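First the structure, in the form of structure tokens, and then the observations on it.
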Amino acid sequence: DKGLRVSDKGFLNTAVIRSEITYIDGEAGSSYPQRFPKSTPEACCRGYPIEQLALHSSHLETAYLLIYGSLPTKSQFEVFQTEVLHHGVTHSDAAQFCRSFRYDAHPMAILTSAFAYLGSYYAEANPSLQGQTLFSKGDKASLAVMDKQIYRLIGKATTLAAMAYRVRQGRDFVTPPTGLSYTGSFLYQMDHLGEENYTPNPILEKALDVLFLLHADHELNASATTVLQTGSSLVDPYSAIAAGCASLYGPLHGGANEAVIRMLISIGKPENVPAFIEAVKKREKVLSGFGHRVYKTSDPRSFIVRKTADEVFKITGKDELLETAMALHEAAMKDEYFIKRKLAPNVDFCGLIYRAMGFPLDFFPVLFAVPRVVGWLAHWRQMMLQEGGVKIWRPRQIYVGSGKRDYVPINERI
Ligand code: SDX
1227 DKGLRVSDKG FLNTAVIRSE ITYIDGEAGS SYPQRFPKST PEACCRGYPI EQLALHSSHL
1287 ETAYLLIYGS LPTKSQFEVF QTEVLHHGVT HSDAAQFCRS FRYDAHPMAI LTSAFAYLGS
1347 YYAEANPSLQ GQTLFSKGDK ASLAVMDKQI YRLIGKATTL AAMAYRVRQG RDFVTPPTGL
1407 SYTGSFLYQM DHLGEENYTP NPILEKALDV LFLLHADHEL NASATTVLQT GSSLVDPYSA
1467 IAAGCASLYG PLHGGANEAV IRMLISIGKP ENVPAFIEAV KKREKVLSGF GHRVYKTSDP
1527 RSFIVRKTAD EVFKITGKDE LLETAMALHE AAMKDEYFIK RKLAPNVDFC GLIYRAMGFP
1587 LDFFPVLFAV PRVVGWLAHW RQMMLQEGGV KIWRPRQIYV GSGKRDYVPI NERI
């Protein structure tokens, strides 16, 4: 087998790139100056702990940090925000496309397709130009093309998401006024109810912005890997982001925030939790919102999600599923089956917040995809500008199939 070694199932212990973007430490916070007690996992974006960014930064400022590597100066941020918001509000190019879906289409299917649609629309995405849009750090013209693609994709993510939401309700799309934040502009496009001076509730806007920031990037998760695998063939970034969206849609990944709520609804009252836990242990049910490939004690984001939930519930009132969620959390954390498998709650309990904010259930994975476009683009840009240029991702396999054999005509087969 030519010295090939099969990486563990699901790339369990396989590093495919070196990256400067996000660092997560699932076992302990030992790799940085000892800021946390040994048993606290860490997530840092370009070296900044996620806790500090959630407290002091915004989703769009963290987007700049993830993509360009440093916190922006005031003027850099103003240019970035203006460009992103500008591209976010013009939606004539995809409106008709989004209206072509059935009334009950899952919004993630609409969003995934709409990103690919954008690739059919923008000239620089044209495959025949691909050879000419090889990016290099030294070439200002190609970097300008790349920046424009990045602004468009981050801006359009909110517009396409709002379209996927409104298509279902047969409502027209709206152009938000200038002066709103990225998240405020998104909320305006989502929920503009025709009020003249619509202003998003500042506490809900801030809460959603924190959740967007928490979801912006997470190292080389399944969808980021998909974007890099796809982008390594030099296809345009709109198509690569569409591929990432498709990967995130799955219930083992970004689709879990929807699956968590469906799970809690199916459990119903807290007194039904023990029976559900037994069913999970018999592998008859999956405990969504628990477990993680890297975090084996807790997901540092989940603590911030919980704090954010408290803020939101002060406005919206507690969600009746909260009690069941807490009972489930308590039961699982005490149960040997889950302790042995190191299963802790992950970021996907944020669905309780989205539900309290009034988003439809099947829209939750879209609320994961919109901010994650940032992380996908950060990794894509890092790959496009890597020393020595892009290498297509083409892993090998170990063949364990049938030996060589001759063809048998059909009437001689028994
Ligand atoms: C996200 O990668 C990222 O960073 C992802 C993410 C990001 O920001 O991009 O953090 C976002 O996707 C979070 C995860 C959301 N998914 C879910 O909540 C779905 C439920 N979780 C599981 O499907 C699972 O935990 C995964 C997919 C998250 C992780 O799967 P792994 O790492 O492949 O773990 P595994 O399947 O090998 O599990 C190890 C053991 C197994 O038991 P044994 O076969 O060894 O007896 O734990 C069991 C699993 O059966 N197990 C679970 C479980 N998760 C793992 N058993 C019950 N319920 C679960 N949720």
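In this text, residue positions in the sequence shown follow this note's numbering: the first is 1227, and each later residue adds one.
Glycine is no exception: its CB is placed at the ideal position from the N, C-alpha and C atoms.
In this text the structure is predicted, and so the values were computed from the model without any measurement.
Whole-angstrom C-beta distance between residue j and residue i, which should lie under 8 angstroms
i, j, result
"residue 1591", "residue 1389", "Incorrect: roughly 16 angstroms between the Cβ atoms, too far for contact."
"residue 1280", "residue 1248", "14 angstroms between Cβ atoms; not a contact."
"residue 1363", "residue 1587", "At roughly 44 angstroms, the Cβ-Cβ gap does not stay under 8 angstroms, so residue 1363 and residue 1587 are not in contact."
"residue 1514", "residue 1485", "4 angstroms"
"residue 1530", "residue 1436", "7 angstroms"
Span separating the alpha-carbon of residue i from that of residue j
i, j, result
"residue 1226", "residue 1625", "Here the chain comprises residues numbered 1227 to 1640, so residue 1226 is not present and cannot be evaluated."
"residue 1274", "residue 1446", "18 angstroms"
"residue 1548", "residue 1578", "7 angstroms"
"residue 1571", "residue 1564", "11 angstroms"
"residue 1516", "residue 1238", "18 angstroms"
"residue 1628", "residue 1393", "50 angstroms"
"residue 1442", "residue 1493", "30 angstroms"
"residue 1288", "residue 1251", "19 angstroms"
"residue 1575", "residue 1297", "29 angstroms"
"residue 1609", "residue 1452", "13 angstroms"
"residue 1295", "residue 1454", "18 angstroms"
"residue 1253", "residue 1518", "11 angstroms"
"residue 1491", "residue 1638", "56 angstroms"
"residue 1310", "residue 1271", "21 angstroms"
Beta-carbon proximity check, residue i vs residue j, cutoff 9 angstroms
i, j, result
"residue 1285", "residue 1377", "no"
"residue 1619", "residue 1450", "no"
"residue 1412", "residue 1596", "yes"
"residue 1573", "residue 1440", "yes"
"residue 1471", "residue 1337", "yes"
"residue 1654", "residue 1375", "Outside the displayed range of the chain (1227 to 1640) lies residue 1654, so it cannot be described from this structure."
"residue 1538", "residue 1583", "yes"
"residue 1633", "residue 1483", "no"
"residue 1372", "residue 1607", "yes"
"residue 1315", "residue 1402", "yes"
"residue 1267", "residue 1533", "no"
"residue 1276", "residue 1527", "yes"
"residue 1360", "residue 1616", "yes"
"residue 1594", "residue 1457", "no"
* Asked: Okay, do the segment 1335–1344 and the segment 1464–1473 touch, 3+ Cβ pairs below 8 angstroms being the bar?
  -> At 8 angstroms Cβ cutoff, the stretches touch.
* For the 8 angstroms Cβ check, are there 3 or more pairs between the segment 1380–1389 and the segment 1403–1412? -> Yes, they touch.
* To do: Would you be able to state if there are at least three C-beta pairs under 8 angstroms between the segment 1492–1504 and the segment 1548–1557?
  => Touching, yes, given that three or more Cβ pairs across the two stretches are closer than 8 angstroms.
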